[in-house]
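Accompanying notes for the structure given below.
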Amino acid sequence: MLQALFDPSKKEIQKCKKIVQEIKSLEQIYSNLSDVELCNHTKNYQARLRKNEQLDSLMVEAFATVKEATRRVLGINLYDVQLIGGIVLHTGKISEMKTGEGKTLVAVLPAYLNALTGKGVHIVTVNDYLALRDFKLIGPIFNFLGLSVGVIQEKMITSERKKNYSCDITYVTNNQVGFDYLRDNTTFSLDNIVLRPFSYCIIDEIDSILIDEARTPLIISGEGNSTTDRYIVANEIAKKLQSGIDYEIDNKNQNLVLTDIGLRRCEEYLNVDTLYQVDNPWASFILNALKASLFYIKDRNYIVKNQEIIIVDDNTGRVMQGRRWSDGLHQAIEAKENVPIAPESKTLASVTYQNFFLLYDKISGMTGTAKTEEIEFEKIYGLKTIVIPTNKPLIRKDYEDVIYKNSYSKWKAVANECLDMYIEKRPVLVGTTSVEFSELLSSLLQQYKIPHNLLNAKPENTARESEIISQAGRLGTITIATNMAGRGTDIILGGNPDYLTKSIIEALSINKSKNRDINQIFKDFNLKPLNQTDLVKFNDLIDNIDTKNLLVNVPYSTLKESQDQKLDLSYRINSIYYLIKAHVNQCTQEEKEKINLLGGLYVIGTERHSSRRIDNQLRGRAGRQGDPGASRFFLSLDDMIFQRFAVDKVKKIIETMQLEDDIPIQASILSAALENAQKLIEGINFDQRKNIFEYDQIISQQRFLMYSERRRILLATELDNLVYQYAFSFLRDLIASYLPENPQNRKVFLWTIQNVLGTGEQMSVQDLNSINEGFLYAYLCWQFDISYRIKKTYVNSMFPAGMLELQRYFILIHMDSAWTQHLKKINLLTESVGWRAYGQEDTTIAYKYDAFLLFITMSFQIRQQVVYEILNLKLSS
1 MLQALFDPSK KEIQKCKKIV QEIKSLEQIY SNLSDVELCN HTKNYQARLR KNEQLDSLMV
61 EAFATVKEAT RRVLGINLYD VQLIGGIVLH TGKISEMKTG EGKTLVAVLP AYLNALTGKG
121 VHIVTVNDYL ALRDFKLIGP IFNFLGLSVG VIQEKMITSE RKKNYSCDIT YVTNNQVGFD
181 YLRDNTTFSL DNIVLRPFSY CIIDEIDSIL IDEARTPLII SGEGNSTTDR YIVANEIAKK
241 LQSGIDYEID NKNQNLVLTD IGLRRCEEYL NVDTLYQVDN PWASFILNAL KASLFYIKDR
301 NYIVKNQEII IVDDNTGRVM QGRRWSDGLH QAIEAKENVP IAPESKTLAS VTYQNFFLLY
361 DKISGMTGTA KTEEIEFEKI YGLKTIVIPT NKPLIRKDYE DVIYKNSYSK WKAVANECLD
421 MYIEKRPVLV GTTSVEFSEL LSSLLQQYKI PHNLLNAKPE NTARESEIIS QAGRLGTITI
481 ATNMAGRGTD IILGGNPDYL TKSIIEALSI NKSKNRDINQ IFKDFNLKPL NQTDLVKFND
541 LIDNIDTKNL LVNVPYSTLK ESQDQKLDLS YRINSIYYLI KAHVNQCTQE EKEKINLLGG
601 LYVIGTERHS SRRIDNQLRG RAGRQGDPGA SRFFLSLDDM IFQRFAVDKV KKIIETMQLE
661 DDIPIQASIL SAALENAQKL IEGINFDQRK NIFEYDQIIS QQRFLMYSER RRILLATELD
721 NLVYQYAFSF LRDLIASYLP ENPQNRKVFL WTIQNVLGTG EQMSVQDLNS INEGFLYAYL
781 CWQFDISYRI KKTYVNSMFP AGMLELQRYF ILIHMDSAWT QHLKKINLLT ESVGWRAYGQ
841 EDTTIAYKYD AFLLFITMSF QIRQQVVYEI LNLKLSS
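Last residue of the sequence shown: number 877 in UniProt numbering, and the count goes up by one each step with no gaps.
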């Protein structure tokens, strides 16, 4: 009650509603403008910004301009709630909008306004398909208003990426922009840098990107030198070990530890003194082999394709092509599946999504499910979550979960429920948590002889993804899909008329016979035939038209009759398109009315996810835009979420009830246990992400210093001053480190200056005892200056202006090499620092201190190596 009274979203919405009325007050004025007059607003707004007018002061006019442009280009009139969502995004907050509320169009409003600054806007999506789809769908609006719009796709070359990033608005995936950032900061040429400085980004499915993927950093790797034989041996040993005897499993945290018996058994198998030898470590190989066997399941956590292990995203059910588990785990799974084992890689550059997106001056995002994670969004990213009301009231019915004693009874019940719905002709969407379970249910439905569509991570199924989802709302359609997060395609009751129209045009255009019966095509798509009048009209229009032209020329924005033969052809093609579309619209509307009477789309969940958000995303597929709908979860005590948490008491209670296996249980104690389990897992995951964020923030500061220095070196027209800085700083560090009283240190000091600087041969330890440190420093600096000038003259005499490029090369190569070694040490530090909590140390403070010392050591090594390379350079003519 109190939360409802003091809900910050409501107060924010009230403010937004006032702005919406101001936007709508301009609607009549802007609708009377010509296209040219409307487009000229863009130049006018940009001119006002150049005169130092604030961006916020343009919001009402800019949003009104976009609203009118959207109506003209797409024929869509933006809802008030979409305008509210756009205002929320512009103010740097998260806009939570239910599925089907038109989030894709909402992004147009703040993107246009912020692009007026000329600094560029990134609209970030979860996959290449959605980025390209949104670019094609929304791009014409930006183009109409005089702004450039680009899209980044996986296989684009550097020049294409640079061109698209230079646009006013760029559609890109989180992976692509993250990797481009890392590549930009590991390149040796300015020509290879594709990104501009970060300004503003809008993140679609923000919870998927900033929450679900936050535990996995983006990594650019190089091939390491480790052998793959150990993974095979470790896999064989893991098969011989027994749970409860050789190792103990922690189901809550998905972890395990070797017992004393297990340690000794492994040491006997390997004939080693200990698994933890520094020069011959085996522990990580054994533990990874066990984890691969126990926690990583084929067709659930990964699939095997072309002798390759491909990760399946737990939250979206999509394959993560090119991504690999780190720290030898991926190799352990390769050994388990007996596929070629790739050598363990070394990290060249890495960044977490958390710290990457904080590089933008302003970020905002959209999703249908952010409220459950609003505390994390605010603490980590400083983002407030605003819940946007639906355009029409939500009337979906969410039924109470039914729980079965075992998985066999559950799947049988789900299949029976699908059969009942199929007989009624009610469309059903069944959400599963893995490829394995989706195929299990598919085989059951095949036994029941129920036609259905299957959508999971396997490539043969993902190829038809948009087709399957867009038609999942048709009469009698049963669709099985893995987790539905970020699918990006609305399920429209009665079918998606735009997609159906396009498919019918494609079928018509590829048919070589000009006399093919259009009604046969409609029949193929389960649509009623054209009436006689429309059929005659269609045949007249298509007479003597090469059907291949249909796809090329459709649709046109206007219908204009003309005596000119070319325009007449265009008119006829256009008329065919609109005749087909009108008929499809009528058919889908009639079908929708029938489905509404049946109760709308019925969503069945087959297992609770560890996150409540993913469950809500599945439910949210039903009940879009005021449509009827329903959802229900079918669960069993064999489900993963119950297995991760103790359910012995619950099982005992159920056993005392003496119920048959096929009788579902609906008990508050089970529902409470389930919700508590989800909250507990969410808490564990939040703590993990929080730790990763806190640790990576320290590395992020170091990364910023390294990458800033790197960019400065790439841009520099001379590097003499930097080389002198490196040399003088190196000498100062050398004197401070090696000239205390210990004579042995002084010998090291003399050896270092003789080998690095090529000077100091005439000095001895006794000389050092009598020389003032300040004088010694000045003397060594003078010696370096002489040596450096001679070397520079020598290089430039052989290669004019060659010294600059050599300086640049040496500095960058040693920076990259040192940074790679630094990341490896940081990774080891991250793994080990947790143990210091047992010594009553604050692990975060300990981590900061040790990471700082490692960074100082790395900086010293870079300076030393650069100075050494330059002074010992030898060129052959």
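The C-beta atom is built at its ideal place from N, Cα and C for all residues, glycine as well.
Check your understanding: Taking the DSSP output, what are the residues bridged to V108?
Key -> In the DSSP output, where bridge partners are listed per residue, V108 has none listed.
Margin query: Only counting the same chain, and skipping five residues up and downstream in sequence, which positions put a Cβ closer than 6 Å to that of S636?
Written below: Y404, N406, S407, K410
Count the other CB atoms within 10 Å of the CB of D204; is the residue buried (16 or more) or exposed (fewer)? buried
Item to complete: Decide if D246 is buried, meaning its Cβ has at least 16 other Cβ atoms within 10 Å, or exposed.
Response: buried
Between which two residues does the alpha helix (DSSP H) holding T533 run? 532-542
Check: Is it right to say E101 is buried, meaning 16 or more other beta carbons lie within 10 angstroms of its own, or is it exposed?
Finding: buried
Next on the checklist: Could you tell me the alpha carbon to alpha carbon distance between V866 and S166, rounded to whole angstroms?
Outcome noted: 35 Å
inquiry  = Counting beta carbon pairs with one atom in the stretch 354-367 and one in the stretch 50-66, are three or more of them shorter than 8 Å?
reply    = no
* What's the call for M97, buried or exposed, on a 16-neighbour Cβ count within 10 Å? -> buried
- Might you give, ordered along the chain, the residues of its own chain that have their beta carbon closer than 6 Å to the beta carbon of D696, omitting 5 neighbours on each side? T352, N355
So what does DSSP say about C16, is it helix, strand or coil?
-> helix
**Asked** For the alpha helix (DSSP H) that A481 lies in, which residues bound it at each end?
**Response** Unbroken run through A481 is the beta strand (DSSP E), 478-482; no alpha helix (DSSP H).
Exercise. Taking all protein chains shown into account, do 16 or more other C-beta atoms lie within 10 angstroms of the C-beta of F799, making it buried, or fewer, making it exposed?
Worked result: exposed
Whole-angstrom distance between G178 and residue 939, CA atom to CA atom | Outside the shown range of the chain, which is 1 to 877, sits residue 939, and nothing can be said about it.
Q.
According to DSSP, is H814 part of a helix, a strand, or is it coil?
A. helix
task: Let me know the secondary structure DSSP gives I141 once reduced to three states.
output: helix
If you follow the alpha helix (DSSP H) that D260 is in, where does it begin and where does it stop?
260-270
Do P451 and T588 have their CB atoms nearer than 8 Å?
no
- [ ] Take L258 and list the residues in its own chain whose beta-carbon comes closer than 6 Å to its own, dropping the five residues that flank it on each side.
- [x] Y247
If I measure Cβ to Cβ from K17 and keep anything under 8 Å in the same chain, skipping five residues before and after, which residues do I get?
D80, I84
For this session: With Y602 as the anchor, note down where its beta strand (DSSP E) starts and where it stops.
Result: 601-605
Self-check item: C-alpha gap between E869 and E773, whole angstroms
Solution: 26 Å
Fill in: Which of helix, strand or coil DSSP assigns to residue 879
No statement about residue 879 is possible, as the shown extent of the chain runs from 1 to 877 and does not include it.
- Message: In this structure, how does DSSP classify K592 when only helix, strand and coil are distinguished?
- Response: helix
Item to check | Rounded separation between N616 and I492 - CA only | outcome: 18 Å
Boundaries (first-last residue) of the alpha helix (DSSP H) holding R161
158-165
Quick one: what does DSSP say I862 is sitting in, helix, strand or coil?
-> helix
Handout entry: Backbone CA spacing between L530 and Q153 [nearest angstrom]
Key = 41 Å
Notebook entry, point to check: What do you reckon, are the CB atoms on T42 and I141 nearer than 8 Å?
Noted result: no
* Taking the alpha-carbon positions, what's the F634 to R619 distance? -> 13 Å
Which listed residue (L828, G476, D639) has its alpha carbon closest to that of T433: D639
Which listed residue (L190, R621, I576) has its alpha carbon closest to that of D506: One detail in the question is off: residue 506 reads as Glu in this sequence, not Asp. Among L190, R621, I576, the Cα nearest to that of E506 belongs to I576.
Top-ranked residue by Cα proximity to L348, from I856, N827, I845: N827
> For D524, which residues from the same chain have a beta carbon less than 8 Å from its beta carbon, with the 5 sequence-adjacent residues on both sides left out?
Replying inline: A507
| said: Below 8 Å on the Cβ atoms is my contact criterion, and I expect E337 with I309 to pass it. Report the Cβ-Cβ distance as a whole number of Å. | reply: 6 Å
Whose C-beta lies closer than 6 Å to the C-beta of G605 among residues of the same chain, with five residues either side of it excluded?
G431, L618, F633
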